[in-house]
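Written below as structure tokens is the structure these notes are about.
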Amino acid sequence: MTLSPKHLQLYQKIAWLFIKYAKPAIVEQANFGAEAKAETSKDKEAPEKFASSLEEMGPTFVKLGQLISTRGDLLPKRYIESLERLQDDVDPLPIETIREALETELNVRISKAFQSFEDTPIASASLGQVHRAVLRDGTEVVVKVQRPDVTERINTDLEALSAIADYADNHSELGQRYRFSGIIEQFQRSIADELDYTLEAQNLNTMREIVKDYPRLIVPKPVDGYCSAKVLTMEMIDGVKVTDLSGVAMTELDGEALAEEMFKAYLRQVLVVGFYHSDPHPGNVLVTRDHRVALIDLGMVGRLSESMRDKLFSLLTGICEKDADRVCDVALKMTDSPAHAVSRTLFTGEIADLLGRAHDAQVQQLKFGSVVMDVMRICAEQGLEIPRELSLLGKTLLNLDRVGMALAPTFNPNASIQRNLNSIARERSLNSLKQGDLLSMLLEFKELISRSPQRVNDILGLLAENRLRIDVDAVDEVALIRGFQKIANRIAMGAIIGAMIVGASLMMDIETGFSIFGYPGFPMSIMIVSGILALGFTYTVLSNDK
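Quick note on numbering: this note's numbering labels position 463 of the sequence shown as 463, and the sequence is numbered without any gaps.
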């Protein structure tokens with residue numbers, strides 16, 4: 001993308017911002033030498049000034065700052081901490097503008113759709129503002145209305161940012177090192193989702209289903225027929241931010257239990273379901289009058305593939321168990337980097353030092369999210385590219401740490417995660433044995449059996465034509481044939497036992513005239529026989545094979 005003359009003024013502002021704050025911060029974070037780092041670290045107030053400048057430049061740059069705050073590999077910790085406090089509270093729009101936008105989106109007059117609609121907003125952010133209202137049936141709701149001009153303004157800012165990022169990537173050492181265009185592309189996808197309120201309504205419904213088994217958690221329900229791409233109406237939840245709880249309220253609250261359930265629910269979202277609320281900062285977490293935790297504002301969510309969930313599970317267990325080798329192995333797999341791409345000794349040593357310091361910290365000082373962010377930083381220092389999923393997870397855990405500490409000052413996030421990882425491991429194991437997976441195994445076994453006759457015919461044809469060749473180095477032919485026979489017998493026996501187990505599992509729902517241990521007798525008989533054969537098979541292998 002080329003630079004456009006119509007954005008010259010915006011280019012000037014962005015360039016000034018980058019030169020004054022961002023470039024020194026990146027130099028301070030990157031490996032450019034001690035003198036450069038010392039020079040850029042002189043201004044102690046630079047991080048706060050950087051955050052304030054982003055707020056002044058409008059919603060696009062506030063959201064961009066919030067995204068960059070997840071990149072512990074890109075900026076030093078003092079800049080990250082300032083960006084994490086970014087707020088996008090802005091002056092509210094005139095109520096006439098909001099009413100016009102609402103009526104246009106819903107295609108109905110407000111007086112017809114609502115029994116009452118409060119003119120004063122309860123929140124006014126850069127993308128939209130929120131008003132209380134009452135439906136015709138008396139249901140109290142909150143209505144989030146998107147600012148009419150925000151999409152056009154963000155698109156203009158994104159066009160300028162994309163052009164500058166492409167130019168920097170092609171003409172600067174920093175751009176080639178950090179690939180700014182990739183950061184902007186990620187930002188475009190993220191903010192596009194936030195601007196579509198129909199997606200947020202879907203996210204609310206999905207999260208309500210996920211947390212239904214957690215009685216201390218609640219997610220507001222969107223109101224059908226009152227939502228569109230720019231309007232989101234949901235049930236009102238009466239509560240206060242976790243950071244605004246009074247001392248009296250804290251004495252009546254079982255903060256430890258609430259924090260524990262929060263961590264348990266989020267770990268299940270991340271490691272089992274693969275769908276999680278990626279922005280649980282204290283402003284998006286309320287404590288209700290009946291002492292439950294409400295999760296609001298699901299415009300930002302994370303989605304994880306099964307393979308990524310496996311890697312994250314190994315990473316978190318490695319951190320909990322202070323297993324530096326496992327953390328290093330997972331980091332290399334997550335970044336698709338070969339083992340020789342980094343100095344393994346140095347990499348493992350830094351991770352081990354980090355985990356040791358984290359586990360030696362006092363409960364009040366321990367932040368599990370900070371540990372994950374520091375792991376990312378060490379990976380970046382080793383030249384590894386950080387996957388977006390790990391960046392989002394680190395920021396999510398960092399916010400969870402804060403929520404947990406706000407609910408219960410003595411809460412130990414590390415101990416909670418370690419406790420809950422054990423139950424998560426059991427659930428993941430059970431999920432791997434669900435009926436769909438058993439059917440998949442059975443289909444694969446069926447495919448193996450169906451193709452075996454053709455493959456046997458091919459081998460026999462080669463034998464008949466004296467064209468079958470086996471290339472081996474000098475070995476004892478008799479021993480080789482016996483080895484082949486042993487392998488064939490082992491495979492056949494294992495396949496038969498596996499088929500019996502799979503078949504018995506699938507027949508467990510079929511009622512029979514008798515039962516064993518409370519289960520249908522016929523499939524249990526097959527399962528018992530399979531177990532006996534498996535034990536005998538295992539004993540034979542262990543006792544006879546060398």
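Glycine residues also receive a C-beta, built at the ideal position from the N, C-alpha and C atoms.
Quantities reported herein were computed from a predicted structural model and do not represent experimental measurements.
Alpha-carbon to alpha-carbon, residue j and residue i
| i | j | result |
| --- | --- | --- |
| VAL541 | ASN489 | 11 Å |
| GLU118 | GLY239 | 18 Å |
| VAL403 | LEU258 | 10 Å |
| GLU152 | LYS63 | 15 Å |
| SER41 | SER82 | Residue placement at SER41 is flagged as unreliable, the pLDDT there being 49, under the threshold of 50; a coordinate-derived value is accordingly withheld. |
| ASN457 | ALA464 | 10 Å |
| GLN435 | VAL502 | Confidence at GLN435 is low in this model, with a pLDDT of 47, below 50, so the placement of that residue is unreliable and no value is reported for it. |
| PHE50 | LEU17 | 8 Å |
| ALA123 | GLY302 | 25 Å |
| VAL272 | LEU315 | 15 Å |
| GLN269 | TYR539 | 41 Å |
| LEU354 | ASN420 | 22 Å |
| VAL223 | ASP193 | 19 Å |
| ALA38 | LYS44 | Confidence is the limiting factor: at ALA38 the pLDDT is only 45, short of 50, which leaves the residue's position unreliable and the question unanswerable from this model. |
| PHE114 | ASP329 | 57 Å |
| ILE510 | MET527 | 14 Å |
| LEU135 | ILE68 | 39 Å |
| ILE210 | SER452 | 44 Å |
| LEU392 | GLU96 | 38 Å |
| VAL141 | MET250 | 27 Å |
Contacts around residue i, its chain only, beta-carbon distance under 6 Å, and the 5 residues preceding and following it disregarded
| i | result |
| --- | --- |
| SER228 | GLU105 |
| GLY255 | LEU407 and ALA408 |
| LEU533 | ILE497 |
| GLU335 | Looking at the sequence itself, residue 335 is Thr, so the reference to Glu does not match. If we look at THR335 and ignore the five residues flanking it on each side, its Cβ neighbours are LEU384 and GLU385. |
| ALA352 | ALA324 |
| ALA34 | Residue placement at ALA34 is flagged as unreliable, the pLDDT there being 44, under the threshold of 50; the coordinate-derived value follows with that caveat. There are no such residues. |
N- and C-terminal bounds of the alpha helix (DSSP H) containing residue i
| i | result |
| --- | --- |
| GLU261 | 255-268 |
| ALA201 | 197-210 |
| LYS49 | 46-56 |
| VAL301 | Not the alpha helix (DSSP H): VAL301 falls in the beta strand (DSSP E), residues 301-303. |
| GLU389 | 388-407 |
| VAL372 | 368-381 |
| VAL248 | 247-252 |
| LYS13 | 8-17 |
| VAL327 | 324-334 |
| VAL62 | 59-68 |
| LYS311 | 306-320 |
| VAL150 | 150-171 |
| LYS553 | Not covered by the structure: residue 553. The range shown for the chain is 1 to 546. |
Proximal residues to residue i (C-beta, below 7 Å), its chain only, five neighbours per side dropped
| i | result |
| --- | --- |
| ILE496 | none |
| PHE537 | MET493 and ILE497 |
| LEU368 | It should be pointed out that residue 368 corresponds to Phe in this sequence rather than to Leu. For PHE368, where only same-chain residues beyond five positions count, the Cβ hits under 7 Å are LEU397, ASP401, PRO413, ASN414 and ILE417. |
| PRO121 | PRO92, GLN129, VAL130 and HIS131 |
| GLU84 | SER69 |
C-beta neighbour in chain C for residue i, strict 8 Å
| i | result |
| --- | --- |
| GLY283 | Absent from the structure: chain C. Only one protein chain is present. |
Opening and closing residue of the beta strand (DSSP E) in which residue i lies
| i | result |
| --- | --- |
| THR233 | 231-235 |
| VAL287 | 285-288 |
| SER343 | Neither: SER343 is in no beta strand (DSSP E) and is coded neither H nor E. |
| ALA125 | Looking at the DSSP string, ALA125 is not in any beta strand (DSSP E), and its letter there is neither H nor E. |
| GLY239 | 239-241 |
| PHE117 | 114-117 |
| HIS277 | 275-277 |
| LEU295 | 293-295 |
Closest residue to residue i among the options (Cα-Cα distance)
| i | options | result |
| --- | --- | --- |
| ASP196 | VAL145, ALA499, VAL130 and SER314 | VAL145 |
| LEU54 | SER126, GLU103 and LEU93 | SER126 |
| ALA15 | ILE164, ARG109 and GLU56 | ILE164 |
| ASP325 | ARG344, VAL141 and GLU100 | ARG344 |
| VAL90 | ARG147, GLU447, TYR167 and ASP224 | ARG147 |
| PRO280 | THR97, HIS291, MET300 and THR288 | MET300 |
| SER190 | GLN66, GLU447, GLU159 and ALA534 | GLN66 |
| ARG350 | LYS333, MET376 and MET334 | First, the amino acid is wrong: residue 350 is Glu here, not Arg. Comparing Cα positions, the closest option is MET376. |
| ARG208 | TYR276, VAL248, TYR226 and ARG136 | TYR276 |
| GLU265 | TYR214, ASP137 and VAL529 | Note that residue 265 is Ala in the sequence shown here, rather than Glu. Taking only the C-alpha atoms, the option nearest ALA265 is TYR214. |
| SER372 | ILE319, ALA380, LEU346 and GLY513 | In the sequence as presented, Ser is not what sits at residue 372; that position holds Val. The shortest Cα separation from VAL372 among ILE319, ALA380, LEU346 and GLY513 belongs to ILE319. |
| GLU48 | LYS77, PRO59 and THR60 | LYS77 |
Neighbourhood of residue i by C-beta distance below 8 Å, restricted to the same chain and skipping five residues each side
| i | result |
| --- | --- |
| VAL529 | MET500 |
| VAL150 | PRO59, SER126, LEU127, GLY128 and LEU195 |
| VAL327 | LEU315, GLY318, ILE319, ILE351, LEU355 and VAL375 |
beta-carbon residue i near the ligand FMN non-hydrogen atom, thresh 7 Å
| i | result |
| --- | --- |
| SER124 | Absent from the structure shown: the ligand FMN. Ligands present: none. |
Meets three-Cβ-pair contact criterion under 8 Å: the region 294-303 and the region 213-222: yes
Cβ pair count under 8 Å reaching 3, the region 375-388 against the region 231-245: Taking 8 Å as the limit for Cβ pairs, the verdict is that the region 231-245 does not touch the region 375-388.
At least three beta-carbon pairs within less than 8 Å, the region 237-253 to the region 181-198: no
Inter-stretch contact (C-beta, 8 Å, three-pair minimum) for the region 155-165 and the region 125-132: no
Meets three-Cβ-pair contact criterion under 8 Å: the region 421-429 and the region 307-324: yes
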